[in-house]
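Residue numbers (the numbering used here): 7 to 102.
See below for the structure under consideration.
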């Protein structure tokens, strides 16, 4: 049995209908589920890192450790606030 999918570009201008075999749909579904799981896991890691950096704020670190913590803090600062909050909440809840 074939499944029909509507494929759009990122701008949504080009649209086409594609018939996908059931096997391909199942593979895509499994890949999407894996990506969602990995996304949640990475958000938990980001939440843990954010808490670690916040708690290390006043701790004296050696050169290499301080550079790594500073780089990590910069990456966390560059994250959208909503994503940081979601990451912290996921980490604190223990989900995943």
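Glycine residues also receive a C-beta, built at the ideal position from the N, C-alpha and C atoms.
Residue 96 (DSSP reduced to helix, strand or coil): Position 90 of the chain shown, counted from the first residue, corresponds to residue 96. Helix, per DSSP.
Contacts around residue 7, its chain only, beta-carbon distance under 6 Å, and the 5 residues preceding and following it disregarded: Working through the chain shown from its first residue, we reach residue 7 at position 1. Only weak support is given to the placement of residue 7: the predicted model assigns it a pLDDT of 48, under 50, and the question is left unresolved by the model.
Cβ-based neighbour list, residue 96, same chain, cut-off 8 Å, excluding 5 preceding and 5 following: The residue you call residue 96 lines up with position 90 of the chain shown. So the list reads 46, 49, 50, 53, 102, once near-sequence residues are dropped.
Which residues DSSP lists as bridging residue 65, in chain order: For the purposes of this step, residue 65 is taken as residue 59 along the chain shown, with counting starting at 1. Residue pairing of residue 65 in beta bridges, as defined by DSSP: absent, with no partner found.
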